[in-house]
Amino acid sequence: MPAFVHIIMCIFLVVSAVYTSFVTNNGCTVVTPDSGGHLYWAWNNAAHSRVYYMFFLCCLGMMAAYGLEYALFFTSMNFISYAFSYYVYGPTKTVGAQWCFLAAFAPWITLAFVDVEKRGHRDMLRRLTTSTPVTEVKRLTSKIFMLDE
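Residues -17 to -1, 1 to 132 (mature numbering (1 follows the signal peptide of the UniProt record, and there is no 0)) make up the sequence shown, in order.
The structure is reproduced here in structure tokens:
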């Protein structure tokens, strides 16, 4: 990785430590009348939390760019899922809980993307109907982290 990425990661580490020390005093996850039955994470609504999350997403994207085969896809998926969660759940202040929920679908979305991109849509349907999820996750993991080279 270039030196500027290392510098940004060091800055992120310091910012994360400071941010975490301030937000841990805000309580834990609770369900509030405004949260619409979803978990309200008090620390997600602390001062400058949106700036911190954007910085986090940018750092995550930079790390992906220098280590993953599908960096643009992963970075786009992170930004889109955060933006969607913020757009839909911002008024209830439950963006973090919904973002985590969407993250549960990331492996399957990634599997579909990799298969369509590498093999085409017909082969993807055949693989999904003839193999087990465990086999597919192992295959996908080896592709993503370039373990089969």
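Quick reminder that beta carbons are idealized off the backbone N, C-alpha and C, glycines included.
A distance below 6 Å between beta-carbons, with the five flanking residues on each side excluded, links residue 69 to the following residues of its chain, in chain order: 78.
Residue range 22 to 24 is occupied by the beta strand (DSSP E) that includes residue 22, with no alpha helix (DSSP H) assigned at that position.
The Cβ-Cβ distance between residue 62 and residue -3 does not fall below 8 Å.
Beyond the five residues adjoining it in sequence on each side, residue 28 comes within less than 6 Å, by CB distance, of 76 in the same chain, given in chain order. Around the C-beta of residue 49, fewer than 16 other C-beta atoms lie within 10 Å, and the residue is accordingly described as exposed.
When the Cα atoms are used, residue 2 and residue -16 turn out to be separated by approximately 26 Å.
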